[in-house]
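Enquirer: Here the protein sequences come in this chain order: G and F. The letter at position 130 of the first sequence is residue 130 when you use this note's numbering, and the numbering goes up by one with no holes. The letter at position 135 of the second sequence is residue 1135 when you use this note's numbering, and the numbering goes up by one with no holes. Let me give you the structure first, and then I'll get to my questions.
Protein chains: 2
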Amino acid sequence: MLLGAIEAGGTKFVCATGAENGQVSDRISIPTTTPVETMTAVDDYFTTHPVDAIGIGSFGPIGVNPDDPKYGYITTTPKPGWGDFDFLGHLKSQFNIPLYWTTDVNEAAYGESMIGIAKDVPNSIYMTIGTGVGAGVISQNHIFNGRTHTELGHMRLNRLPGDDFKSNCPYHDICLEGLAAGPAVGKRTGKAGKDIPVDDPVWPIITDYIAQACVNLTVAFAPDKIILNGGVINQRQLFPMIREKFAAYLNGYEEVPPLDDYIVPAGLGNNSGIAGGLLLAQAALKNA
Amino acid sequence: MLLGAIEAGGTKFVCATGAENGQVSDRISIPTTTPVETMTAVDDYFTTHPVDAIGIGSFGPIGVNPDDPKYGYITTTPKPGWGDFDFLGHLKSQFNIPLYWTTDVNEAAYGESMIGIAKDVPNSIYMTIGTGVGAGVISQNHIFNGRTHTELGHMRLNRLPGDDFKSNCPYHDICLEGLAAGPAVGKRTGKAGKDIPVDDPVWPIITDYIAQACVNLTVAFAPDKIILNGGVINQRQLFPMIREKFAAYLNGYEEVPPLDDYIVPAGLGNNSGIAGGLLLAQAALKNA
């Protein structure tokens, strides 16, 4: 059995083939240009690399509820050409195999939950803090969705006294993404996150917002683990700062796992998504 | 078949009997004093009113995870005598019938979800804003728990500029409960919520925090409905204020149901909990 995975991001699509254990046997990267151009390359890949099922995680917002007329679509993205694109419908028209459709962060969360750092616990959250902020929630080993998928990058937090940075979110004067995602870090400092030394005064601000977000994830979902990934926190030295601020904010109100095991980097690095896609392909095959 | 329900609150316990449709046939109220005294009255009630199963919703925090050694316990409550009380174990020792054990707010959420205002949708949240703030989340018609139950009263929000009220939460400088629960409203105004006119300047503050909480519930759980109950919002006039602020904060970022159907008062009034308990008793009986 050969499985396929797509991790569809706003900058690039990764397509891969691999096995039931999430191990990748082949992969390519395709620039995200227009749906016609990008999807033609996707179709070509899986035509020349035939698989038994494909797991797809897409940038969003997307329709994830099978009852929704926009199920399988990328819906309201500002990305030119991709708004109201019937992604799943396109793939169905090309490949008569089981397909699993979810968000990019749900896909990555599933990968970490099944074979990554959260493989031993039933409830975990994968949050990426990069160009944007998104999170996937795994509840009792399943992807959590409500009426639609979560939009946890847009949770409100307490704006730090003295932080007069204008939110970078076009919708919200205050939200995690607007205050602490990569572009916000860039505008605050004039530099990319990876070039900012760990003792830069921007980090106490950014890690504070991330810590507040971890408090809100904790009281909302009571996960066993919160996995943080993405460009902004590629610097591992930020984790102790986040854990310390988290502990101060939670202030012993409820018991949580030891923080070194609770707020953690991804176990699969940049492979969380593709590994999750392969495992979701397997799930689709089982349910077919 | 006769079903039983317990709604165990910090001030009083309500015990009731009723039918599979959630209709109550008999009920009593018992003051919450010591575990021995209160539980003796509970035992007496269900001895004289025999039932086939009991659904229990308790004040917390409680152990809700069957793998937890403290499953069935009220755990760290400051309420004298009730810390580490094995509530479920006590009932099991008295009654050899199926029992369903959850939090008071999960019980109420379940009642509203099954026969109340959320009966037509699979995903809803019941949040009570009274002496404390708590919420129960229903996901795909089931009670949502993680490692433990939610503690949504303690989510962090943005402290309003100029609001220098000292949080009433002993743990958190900023949280929904500390800034907007009944005791906070009381300290802010010197009056009980029900005696404060709707044009009092405290309401724009309280409804703002509640609206922020609704935003965070929306981006976290994507529910079909948010049900607000409890002493602080017994005044129905507050709902339009909450909806208006919610709309301003969400700012069109994602589509939500029409707000009059989305942020709503409880459909069962003060019976959400007991109705939920009866329906959970029925669920326990089915799974037995």
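Ideal Cβ placement from N, Cα and C applies to all residues, glycine included.
Consult DSSP for Lys92 (chain G) and reduce its assignment to one of helix, strand or coil.
Expert: helix
Enquirer: Between F:Gly1132, F:Phe1087, F:Asp1208, which has its C-alpha nearest His1154 (chain F)'s C-alpha?
Expert: Per the Cα distances, F:Gly1132.
Enquirer: Around the Cβ of Thr1038 (chain F), are there at least 16 other Cβ atoms within 10 angstroms (buried) or fewer (exposed)?
Expert: buried
Enquirer: Can you tell me the Cα-Cα spacing of Ile274 (chain G) and Glu7 (chain G), whole angstroms?
Expert: 6 Å
Enquirer: Closer than 6 Å by C-beta to Ala1184 (chain F): which residues in its own chain qualify, once you throw out the five before and the five after it? Chain order, please.
Expert: Asn1168
Enquirer: Please state whether the Cβ-Cβ distance between Ile54 (chain G) and Ala281 (chain G) is less than 7 Å.
Expert: Yes, these two residues count as a Cβ contact at 7 Å.
Enquirer: Bridge partners of Arg156 (chain G), per DSSP?
Expert: Answer is none; Arg156 (chain G) lacks a bridge partner.
Enquirer: Rounded to the nearest angstrom, what separates Leu1285 (chain F) and Ile28 (chain G) at their Cα positions?
Expert: 53 Å
Enquirer: Taking the CB atoms as reference points, tell me whether Asp1224 (chain F) and Arg243 (chain G) lie closer together than 7 Å.
Expert: no
Enquirer: What residues in its chain sit with their C-beta under 7 Å from that of Ala1041 (chain F), if we drop five residues either side in the sequence?
Expert: Same-chain partners within the cutoff: Ile1030.
Enquirer: For Lys1286 (chain F), which of helix, strand or coil comes out of DSSP?
Expert: helix
Enquirer: Around the Cβ of Ser1025 (chain F), are there at least 16 other Cβ atoms within 10 angstroms (buried) or fewer (exposed)?
Expert: Result: exposed.
Enquirer: On the criterion of 16 or more Cβ atoms from any shown chain inside 10 Å, does Gly193 (chain G) qualify as buried, or is it exposed?
Expert: Label assigned to Gly193 (chain G): buried.
Enquirer: According to DSSP, simplified to helix, strand and coil, what is Trp82 (chain G)?
Expert: coil
Enquirer: Return the residue from the list F:Gly1057, F:Ile1226, F:Ala1181, F:Leu1278 that minimises the CA-CA distance to Ser1124 (chain F).
Expert: That would be F:Ile1226, whose Cα lies nearest to the Cα of Ser1124 (chain F).
Enquirer: Does Glu37 (chain G) come out as helix, strand or coil in the three-state DSSP assignment?
Expert: helix
Enquirer: Using a Cβ cut-off of 8 Å, pull out every chain B residue sitting near Met1155 (chain F), in sequence order please.
Expert: Of the protein chains in this structure, namely G and F, none is chain B.
Enquirer: Assign Tyr209 (chain G) to one of three DSSP states: helix, strand, or coil.
Expert: helix
Enquirer: Quick one: using the 10 Å Cβ neighbour count with 16 as the cut-off for buried, is Lys1187 (chain F) buried or exposed?
Expert: exposed
Enquirer: Three or more C-beta pairs closer than 8 Å, one from the segment 97-104 of chain G and one from the segment 64-84 of chain G: is that the case here?
Expert: The segment 97-104 of chain G, when compared against the segment 64-84 of chain G, does touch it at the 8 Å Cβ threshold.
Enquirer: Step through the CB atoms of chain G and report whether any lies within less than 7 Å of the CB of Glu1112 (chain F).
Expert: no
Enquirer: With DSSP as the reference, please indicate the residues paired to Met127 (chain G) in a beta bridge.
Expert: In DSSP, Met127 (chain G) forms a bridge with G:Ala135, G:Leu228.
Enquirer: Mind listing the chain G neighbours of Ile1174 (chain F)? Cutoff is C-beta to C-beta under 8 Å, in chain order.
Expert: Asn158
Enquirer: Distance cutoff 7 Å, beta carbons only. Does Tyr171 (chain G) sit that close to anything in chain F?
Expert: The beta carbon of Tyr171 (chain G) falls within 7 Å of a beta carbon belonging to chain F, placing the residue at that interface.
Enquirer: Between which two residues does the alpha helix (DSSP H) harbouring Tyr1110 (chain F) extend?
Expert: First-last of the alpha helix (DSSP H) with Tyr1110 (chain F): 1104-1115.
Enquirer: Pick from G:Ala222, G:Phe87, G:Asn65, G:Pro170: whose alpha carbon is nearest that of Glu255 (chain G)?
Expert: The option with the nearest alpha carbon to Glu255 (chain G) is G:Ala222.
Enquirer: Just to confirm, is the Cβ distance from Gly178 (chain G) to Ala5 (chain G) under 7 Å?
Expert: no
Enquirer: Drop a sphere of 10 angstroms on the beta-carbon of Pro204 (chain G), count the other beta-carbons inside from all chains shown, and report buried for 16 or more, exposed for fewer.
Expert: exposed
Enquirer: Less than 7 Å between CB atoms is the rule here; does Tyr126 (chain G) satisfy it with respect to chain F?
Expert: Not closer than 7 Å to any Cβ of chain F, the Cβ of Tyr126 (chain G) fails to qualify, so no.
Enquirer: Excluding the five sequence neighbours on either side, which residues of its own chain have a C-beta within less than 8 Å of the C-beta of Ile143 (chain G), listed in chain order?
Expert: Thr102, Asn106, Ala109, Tyr110, Gly136, Val137
Enquirer: Could you check which residue in G:Lys245, G:Tyr45, G:Gly60 has the C-alpha nearest to that of Pro78 (chain G)?
Expert: G:Gly60
Enquirer: What whole-angstrom Cβ distance do Ala1266 (chain F) and Ile1117 (chain F) have, given they're in contact under 8 Å?
Expert: Confirmed, Cβ separation roughly 6 Å.
Enquirer: Measure the alpha-carbon distance for Gly298 (chain G) versus Gly81 (chain G) and round it to whole angstroms.
Expert: Coverage of chain G is limited to positions 1 through 288, which leaves residue 298 (chain G) absent and any answer about it impossible.
Enquirer: Looking at chain G, is there any beta carbon in it that lies within less than 7 Å of the beta carbon of Thr1150 (chain F)?
Expert: yes
Enquirer: Between which two residues does the alpha helix (DSSP H) containing Leu3 (chain G) stretch?
Expert: Looking at the DSSP string, Leu3 (chain G) is not in any alpha helix (DSSP H); the run it does join, the beta strand (DSSP E), is 3-8.
Enquirer: Distance, Cα to Cα, Ile1011 (chain F) vs Pro66 (chain G)?
Expert: In the sequence as displayed, the identity of residue 1011 (chain F) is Thr instead of Ile. For Thr1011 (chain F) and Pro66 (chain G), the distance between alpha carbons rounds to 44 Å.
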